DNA sequence: AGGTAATGATGTAGTACCATCACGATATGG
DNA sequence: CCATATCGTGATGGTACTACATCATTACCT
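Protein chains in written order, with my numbering: chain F, 28 to 184; chain D, 28 to 184.
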């Protein structure tokens, strides 16, 4: 059982190390984890309204306003009016930021290759299956938790 | 190579899900991730001065002051004078908090067992070896980064 | 059409976390 | 005994987020 406990602890450790590494990589720039998440999503989903951004990142629309303010001030992002809905604002990656994101993705891929290189080749398929299974189970547990909470809120109404 | 990228993404996802789960578990209590980290360290290392706490958690001493303030107000922790050094303050876990931490460790173990149960038994040994290898490699990379930064600071002096 | 409700963004106010600078109190080495 | 380092904390500022209220715009409904 001791070994089993180690697996979860290692996973937590890996998560922490990643965060620390990111934070160091962005020190000196106005980029923070939350702002980088916005850039990442824009690179992935393309230009979006702030509302759509808020929904995908699961934060309040008000929060997006502030994050986009900072990114716009830094030149990472531009705001433009929505073509048909005059209430909405479209947020797009600036050209320089797109280049920046490409570099980030390249580094991400390099890091993946490096880390996977540390695993014995014979172990890799099982590792992948195992990690997928753990992620799936965790997603399931979180979904159950969330459903329970939604029920509780509904019961109150 | 697409599969390889997936592994790292899954690991990142697992980290995020864990954080989200923790945050929800503590909503309603005055506990936050940072404060829980303090409790965790105290449960692990025993009563400490605030300075020692700050060093182990790698945050500023000033930050510890605030965290301990909150934990003390919630009754999780007690402050007492250092027996020989009148500048220093010893922070100890309150009895109720010790019980609380035991419960947390139990839940932690239960979650580990649950997640590992989702993995095919034949894959578990390889999964464990793989995760250990990745964590070790990542630790190594972070250490190298840190050493480089330390050198740069030294070069300036 | 005309009124009402929903939506998109933002202002205000408040909480939490973290960092840096400065300071008073205490300890310690020469 | 004095210079210096250490321990905790006040003050200040930046970031991340929330809830509530506001205002313009749009959608819906009879």
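Positions of the beta carbon are idealized from the N, C-alpha and C atoms, including for glycine.
Being a predicted model, the structure only gives us computed values, none of them experimental.
Classification of residue i by the beta-carbon crowding that lies within 10 angstroms, buried from 16 upward
i	result
residue 37/F	buried
residue 184/F	Model confidence at residue 184/F stands at a pLDDT of 44, short of 50, so the residue's coordinates are unreliable; what they give is reported in the following sentence. Classification of residue 184/F: exposed, given that the 10 Å Cβ count is below 16.
residue 92/F	exposed
residue 165/F	buried
residue 50/D	exposed
residue 163/F	exposed
residue 171/F	exposed
residue 124/F	buried
residue 229/D	This structure cannot settle anything about residue 229/D, because the visible part of chain D is limited to 28 through 184.
residue 155/F	buried
residue 175/F	exposed
residue 167/D	exposed
Residue from the options with nearest C-alpha to residue i
i	options	result
residue 127/F	53/F, 173/F and 115/F	53/F
residue 157/D	133/F, 161/F, 150/F and 160/F	150/F
residue 61/F	120/F, 84/F and 121/F	84/F
residue 121/F	67/F, 33/F, 153/F and 89/F	67/F
residue 63/D	78/D, 33/D and 101/D	101/D
residue 110/D	176/D, 135/D, 74/D and 130/D	74/D
residue 78/F	175/F, 97/F, 112/F and 159/F	112/F
Within 8 angstroms, strictly: CB atoms of residue i and residue j
i	j	result
residue 42/F	residue 144/D	no
residue 139/F	residue 44/D	no
residue 81/D	residue 87/D	yes
residue 188/F	residue 65/F	Lying before the first or after the last residue shown, residue 188/F is absent from chain F, which here runs from 28 to 184.
residue 69/D	residue 146/D	no
residue 115/F	residue 56/F	no
residue 48/D	residue 169/F	yes
residue 99/D	residue 106/D	yes
residue 161/F	residue 58/D	no
Anything in the segment 46-62 of chain D with a Cβ closer than 8 angstroms to a Cβ of chain F? List those residues in chain order, please.
-> Within the segment 46-62 of chain D, the qualifying residues are 46, 47, 48 and 51.
At what residue ranges does the segment 102-166 of chain D contain a whole run of the alpha helix (DSSP H), taking only runs of 4 or more?
-> 122-144
What residues from the segment 124-158 of chain F come within 9 angstroms of chain D, judged by C-beta to C-beta, listed N to C?
-> 135, 136, 138, 139, 140, 141, 142, 143, 144, 145, 146, 147, 149, 150, 151, 152, 153, 154, 155, 156, 157 and 158
Given a limit of 7 angstroms on CB to CB distance, which residues of the segment 81-100 of chain D reach chain F?
-> Taking 7 angstroms as the Cβ-Cβ cut-off against chain F, none of the residues of the segment 81-100 of chain D qualify.
Return the residues of the segment 31-45 of chain D that lie within a Cβ-Cβ distance of less than 9 angstroms from chain F, sorted by chain order.
-> Within the segment 31-45 of chain D, the residues whose Cβ lies closer than 9 angstroms to some Cβ of chain F are 31, 32, 33, 34, 35, 36, 37, 38, 39, 40, 41, 42, 43, 44 and 45, listed in chain order.
Would you list, in chain order, the members of the segment 160-171 of chain F that have their beta-carbon closer than 8 angstroms to a beta-carbon of chain D?
-> 160, 161, 162, 163, 164, 165, 166, 168 and 169
Please go through the segment 56-104 of chain F and give each complete alpha helix (DSSP H) segment of 4 or more residues, from N-terminal end onward.
-> 60-72, 77-84 and 88-100
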